[in-house]
Amino acid sequence: HPSRNLAMSANNHAKMVDEKDGQAAIDVPAKPQPTEAPPSNALMSLVLAVIAAGLLSSTIGLAIAYGTREYGFDAHKLHAVSESGTALFPATSHLGDNPCAGKKPKHAAPGDNYFSNVECVVDGILQTLEQAGTNVTKGYKGELEATGREPITTAYWEAGMCAVNVHWHLGAEHYSAGEFDEYGTGPKINKTLERKEWSITHPRGGRELASKDKKMRLGYRCHHYKEDDAKFTTEYKWQYCTNMKVGETYEVHWPHSAAGACGTDWQYQTPFYDGVFCKDGVINMLTPLNTYEKIGVQGQVFVIVNDEEHKIDNLFDGMVYDKGDFGDDIAMYTGSTTGTTRDNEICSRYAPITWQVDRKCHLASASSFDAMCKKMMEQKDDMSGDVYPHGARELVDTEYVANNQQSRE
697 HPSRNLAMSA
707 NNHAKMVDEK
717 DGQAAIDVPA
727 KPQPTEAPPS
737 NALMSLVLAV
747 IAAGLLSSTI
757 GLAIAYGTRE
767 YGFDAHKLHA
777 VSESGTALFP
787 ATSHLGDNPC
797 AGKKPKHAAP
807 GDNYFSNVEC
817 VVDGILQTLE
827 QAGTNVTKGY
837 KGELEATGRE
847 PITTAYWEAG
857 MCAVNVHWHL
867 GAEHYSAGEF
877 DEYGTGPKIN
887 KTLERKEWSI
897 THPRGGRELA
907 SKDKKMRLGY
917 RCHHYKEDDA
927 KFTTEYKWQY
937 CTNMKVGETY
947 EVHWPHSAAG
957 ACGTDWQYQT
967 PFYDGVFCKD
977 GVINMLTPLN
987 TYEKIGVQGQ
997 VFVIVNDEEH
1007 KIDNLFDGMV
1017 YDKGDFGDDI
1027 AMYTGSTTGT
1037 TRDNEICSRY
1047 APITWQVDRK
1057 CHLASASSFD
1067 AMCKKMMEQK
1077 DDMSGDVYPH
1087 GARELVDTEY
1097 VANNQQSRE
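In our numbering, the protein residues as written are 697 to 1105.
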């Protein structure tokens, strides 16, 4: 129930792998019984220690190999936890200890899975707070009462936050009339393309993909595409991003947090939740709730073109402001996390957080996106799970949208 205000304990953090707990069982052999005169206690202890270390190493090695082969995740990052939430051994990445690994919260109380997606309404009672993405057309307001939960209206850096991830969605999750809406166009994917889904194969599992052939939902498109203009139809040789299409619309998200590992090698994280909740004692999910003051997402929508005239020098660090009309008309409201695991029946409990979304659609060169993916692959944490587009959540119904949308021009 929302009245629990999304309670969280730092001791209940657990690394998520396809929304399931990572558990590691380690068998320690029983102490052998001597049949002859036993060696010295010191020698026996040394022998047993060597045997136990060998078995432990083999067990972990097999678990890593099996996890990588069967599930497509980096098992070196597996954060094993006991039933109480206590770490069994530290989470690491392939480049060393990751202080943010496993910081995505799961439980409000031990084992309750409070932060799992839930039905939006049960027996007429709303089970979550405000949701995203929404209609950001100027003048629109939702119907969900959000008094006391005002969005951040300054730049996020002024609110003490830093970007902790960048990822994007196929089509726009937000709706801006005349910019990205139901009348937008794009390249033909197949003869039976519907707005709800686009069948595509991904090279590896991701935050929203259960299998390599799962269909991704296509969001709203912009109005820039012209099939007789070469910059929208000439293919680009991608080197770092995968499953991208020239002429297509993508909504880029930059999650920010005051609890990120700001200014360190571990600032950027995949999944983004680990970066958002990296530092303990900053985000308060009990009374007084401060998530909408400490967590924010920037959203900006682009059509990819094969034309260097539309090159953007840095898409990695955050929303583009210093180019033409980029970032000139921003909608601000409080909502939730997005993605295709949620819709208007199943809602996210990671709420409320601030959203700042550019109402305009812009052109960006394919090389600009590829340069962003290159930088993502250079980060200390493994961001390969975000170098391709994710599916778009369907537009949130007005009854689940906060009534606090504001504008910054």
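Positions of the beta carbon are idealized from the N, C-alpha and C atoms, including for glycine.
- In terms of Cβ geometry, Gly915 and Val999 do not form a close pair [threshold 8 Å].
- Between Asn861 and Thr966, the gap from beta carbon to beta carbon is short of 8 Å.
- Contact between the region 841-850 and the region 1090-1099 is present: three or more C-beta pairs spanning the two stretches fall below 8 Å.
- Ranked by Cα distance from Leu1059, the options Gly1081, Ile1042, Val972 and Phe1022 are led by Phe1022.
- Fewer than three pairs of CB atoms, one per stretch, sit closer than 8 Å, so the region 797-806 makes no contact with the region 1017-1033.
- Scanning its chain for C-beta atoms nearer than 7 Å, with the 5 sequence neighbours on each side dropped, one finds around Ala955 the residues Val972, Phe973, Cys974, Lys975, Val978, Ile979 and Lys990, in chain order.
- DSSP places Lys922 in the coil class of the three-state scheme, outside both helix and strand.
- With a contact defined as Cβ atoms closer than 8 Å, Asp1003 and Lys927 qualify at about 4 Å.
- Apart from sequence neighbours up to five positions away, no residue of its chain approaches Lys933 with a beta-carbon distance below 8 Å.
- Taking a 10 Å sphere around the C-beta of Gln935, we find fewer than 16 other C-beta atoms and assign the residue as exposed.
- For Glu869, same chain residues with a beta-carbon under 7 Å away, outside a window of 5 residues either side, are Gly829, Gly915, Glu947, Thr1034, Ala1088 and Arg1089 in chain order.
- With a contact defined as Cβ atoms closer than 8 Å, Pro1048 and Asn939 miss out at about 32 Å.
- It is roughly 23 Å from the alpha-carbon of Leu1091 to the alpha-carbon of Asp819.
- Per DSSP, the continuous beta strand (DSSP E) segment holding Tyr946 begins and ends at Thr945 to Ser953.
- Excluding the 5 residues flanking it on each side, Ser1032 has same chain C-beta neighbours closer than 6 Å at Gln827, Ala828, Ser1044, Tyr1046 and Ala1047, in chain order.
- By a beta-carbon distance limit of 8 Å, Val997 contacts Thr945. Their separation comes to about 6 Å.
- Just so you know, the alpha carbons of Ile848 and Ile885 end up roughly 38 Å apart.
- Runs of the beta strand (DSSP E) spanning 3 or more residues and lying entirely within the region 1026-1094 occur at 1026-1031 and 1049-1061, in chain order.
- Put simply, of Glu931, Met1073, Ser872 and Tyr810 the residue whose alpha carbon is nearest the alpha carbon of Ser1061 is Glu931.
- Between Tyr852 and the set Trp1051, Pro984 and Cys1069, the nearest pair of CA atoms involves Trp1051.
- Going by beta carbons, Asp1054 and Met1028 fall outside the 8 Å limit.
- By the CB criterion at 8 Å, Gln823 and Val832 fall outside the cutoff.
- Judged by their CB atoms, Tyr988 and Thr1030 are nearer to each other than the 8 Å cut-off.
- Under the DSSP assignment, Val972 falls in the alpha helix (DSSP H) whose first and last residues are Phe968 to Val972.
- Following the DSSP letters along the chain, one finds Leu866 inside the beta strand (DSSP E) bounded by residues His863 to Leu866.
- For Gln994, the uninterrupted beta strand (DSSP E) segment begins and ends at Ile991 to Val1001.
- DSSP places Phe1012 in the coil class of the three-state scheme, outside both helix and strand.
- Shown here, Tyr871 sits in a strand according to DSSP, grouped into three states.
- DSSP lists Ala868 as the beta-bridge partner residues of Tyr916.
- Burial state of Thr850 is exposed, judged by a 10 Å Cβ sphere holding fewer than 16 other Cβ atoms.
- Proximity to His1006 across Asp793, Ser1063, Met981 and Ala873 peaks at Ser1063, based on C-alpha coordinates.
- Looking at the backbone, the Cα of Ile1042 and that of Asn813 are separated by about 6 Å.
- Annotation for Arg1104: the continuous beta strand (DSSP E) segment containing it runs Gln1102 to Arg1104.
- The beta-carbon separation of Arg913 and Thr1036, rounded to 5 Å, stays under the 8 Å limit for a contact.
- The closest CA to that of Asp1013, considering only Asn1040, Phe811, His952 and Cys1057, is found on His952.
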